[in-house]
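Here the structure is laid out as structure tokens; the discussion comes afterwards.
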Amino acid sequence: MPAATPAPITVALLGGGTVGSQVARLLTESAPDLAARVGAPLQLIGVAVRDASRPRPGVPADLLTDDAAGLAARGADIVVEVMGGIEPARSLILSAMAAGSSVITANKALLAADGATLYRAAADNGVDLYFEASVAGAIPLLRPLRESLAGDRVVKVLGIVNGTTNFILSKMESEGADYAVALAEAQALGYAEADPTADVGGHDAAAKAAILAELAFHTRVTTDDVSCEGITGVTAADVEAARDMGFVIKLLAVAERTADGAGVIVRVHPAMVPNDHPLASVRDAFNAVFVEAESAGEMMFYGRGAGGAPTASAVLGDVVAAARNRVSGGRGPTESVYAALGVRSIDEARTRYYVNLDVADRPGVLAAIAQAFADNGVSIQVVRQDGHGDDAGLIVRTHLATEGALRRTVDNLRTLDAVKSVVGVMRVEGEAGP
Ligand code: NAP
Ligand code: HSE
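Here you go:
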């Protein structure tokens, strides 16, 4: 007797935009391969969008619907949420899980704001929750953290996780491009979020940092726990000063254990990175993330962090994993926040700094400035003076210091007669030594 054809695994898609339309295309174009890998065919049963009358390349017109609530609750084996935003995405995901659907989402904003609710609903309903595409687009990063490194102890995660800002900073650096022109190009290429302030303000990277920190340190971390600065304050002068000193400016997401191992600090901010550091050569919309673990040592994950097709690749990987679980009766990993480390203030973070000062050029000025650093326990690594007279600029680079000590130093510098203004302060990451 011929073997019975396995029943299809049904897939509902919430969102048919940059990512969703590519997911639909790949589900159709790769159908035979996906069926062979899963052990059953995948059947797309609907694509929810706001405007179902607008044709979408790669999405069969008869599958488009503006009834997202109806599609989410239809009981598909797998619901893929690529709409974005907190609501109605969260309600739709909860409704899908209540109907017995496993959920794949790329929605870092929702996961970082209220991932706990999604995990709880997945556990209560005995379904899977996968979200590989939510951080660093196509790059397999969350599965290694969640599964491959489950036997190790992660110490630090450091990376470039926002394609839009990396694209903008790369253009400013290599072409001297105007900020607004570079942003418009990033939007046209589908890298930027619908509201680009989430990208340039650092909030998109902060959401990703929270997700990474939670997985790396088995501790619940939400967006509110992340200290966040975007790139809107980075000027062409900063980029040029960094270049003169052999650095590039990158928007970094950093999650690290505190020195006592009992806490975690999560931060997103622009930082100067030395030209010979591997992150310095990560350009355009590419992302790269360093993970340092006690036994494994240092690893770097690199690839396309944004864009429709790359992100759809990560979504499809999750669809295959959830579909295999349906076929085999298995379950994906559940939430792991047992370590419950305290999330500490950025004031405890230790890094190096670049401080750019507009100063009077007269005897004793350097001594007064050096004293302000010394009074706060901040050790100076390099001092460079540009210009003279009324036009003197002083650049100071420090050894490792805490954020709190550096802030107090800058406050003191602002009170000195010799300092006309503090032109810029930026963290320096990726240098070896003290
Ligand atoms: P997008 O291009 O704006 O697409 C959003 C889609 O959702 C559109 O099809 C939209 O319908 C639909 N939609 C939005 N609100 C809806 C509602 N209330 N009811 C029904 N449909 C609704 O966004 P995207 O760039 O594909 O991003 C989707 C998700 O993936 C977001 O969570 C984003 O953070 C994440 N992500 C994106 C990227 C990327 O590179 N773009 C990378 C990683 C993760 P209409 O088309 O009719 O407006
Ligand atoms: N807007 C995001 C970025 C999309 O630029 O990285 C990928 O999450």
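When the count follows our numbering, it moves up by one through the sequence shown with no breaks and lands on 1008 for the last residue.
From the three backbone atoms N, C-alpha and C, an ideal C-beta is built for every residue, glycine too.
Measuring straight from C-alpha to C-alpha, what distance separates residue i and residue j?
i	j	result
A870	K782	23 Å
T553	D985	In the structure as shown, the chain starts at 575 and stops at 1008, and residue 553 therefore has no counterpart that could be examined.
P631	G594	11 Å
P770	H843	16 Å
S744	R857	6 Å
D834	V735	27 Å
N849	R817	9 Å
V612	R900	9 Å
L666	A646	6 Å
L757	E814	19 Å
A578	A605	19 Å
A948	Y928	16 Å
G750	V585	45 Å
D773	P937	45 Å
G700	I785	22 Å
A896	A883	20 Å
D812	G998	8 Å
A710	A862	8 Å
I954	H973	6 Å
A1006	M1000	17 Å
T796	R628	36 Å
V996	T832	29 Å
P582	G903	15 Å
M746	A914	40 Å
V1002	R599	43 Å
F741	A650	38 Å
Could you check what DSSP says for residue i in three-state terms: helix, strand or coil?
i	result
G998	strand
L723	coil
V623	coil
R628	coil
S665	helix
I1036	Outside the displayed range of the chain (575 to 1008) lies residue 1036, so it cannot be described from this structure.
I742	helix
P718	helix
M671	helix
E655	strand
L601	helix
P852	helix
G837	strand
G871	strand
V735	coil
N861	strand
A975	strand
A687	helix
R648	coil
A845	strand
G594	helix
E1003	coil
A966	strand
Return yes when the C-beta of residue i is under 6 Å from any heavy atom of ligand 1, and no when it is not.
i	result
G711	yes
V623	yes
T809	no
P631	no
N861	no
G658	yes
T592	yes
So does residue i have its beta carbon nearer than 6 Å to some heavy atom of ligand 2?
i	result
Y765	yes
D778	yes
T806	no
D773	yes
N554	One cannot answer for residue 554 here, as it falls past the ends of the chain, which runs 575 to 1008.
A942	no
A880	yes
- Query: What runs of the alpha helix (DSSP H), each 4 residues or longer, lie entirely inside the stretch 878-960?
  - Reply: 882-902 and 939-949
- Message: Quick check on the DSSP output: what are the complete alpha helix (DSSP H) runs of length 4 or more inside the stretch 745-813, in order along the chain?
- Response: 753-762, 771-774 and 777-791
- Message: Measuring CB atoms only, is the stretch 648-661 touching the stretch 678-694, in the sense that at least three cross pairs come out at less than 8 Å?
- Response: In this structure the stretch 648-661 lies against the stretch 678-694, because at least three pairs of beta carbons, one per stretch, are closer than 8 Å.
- Message: Does the stretch 921-932 come into contact with the stretch 633-652, if we say contact requires no fewer than three beta-carbon pairs (one atom in each stretch) closer than 8 Å?
- Response: No, the stretch 921-932 is not in contact with the stretch 633-652.
- Message: For the pair the stretch 979-998 and the stretch 938-956, tell me if three or more CB-CB distances fall below 8 Å.
- Response: yes
- Can at least three beta-carbon pairs, one atom from the stretch 616-629 and one from the stretch 902-911, be found at a separation below 8 Å? no
- For the stretch 791-807 against the stretch 760-768, are there 3 or more C-beta pairs whose distance is under 8 Å? no
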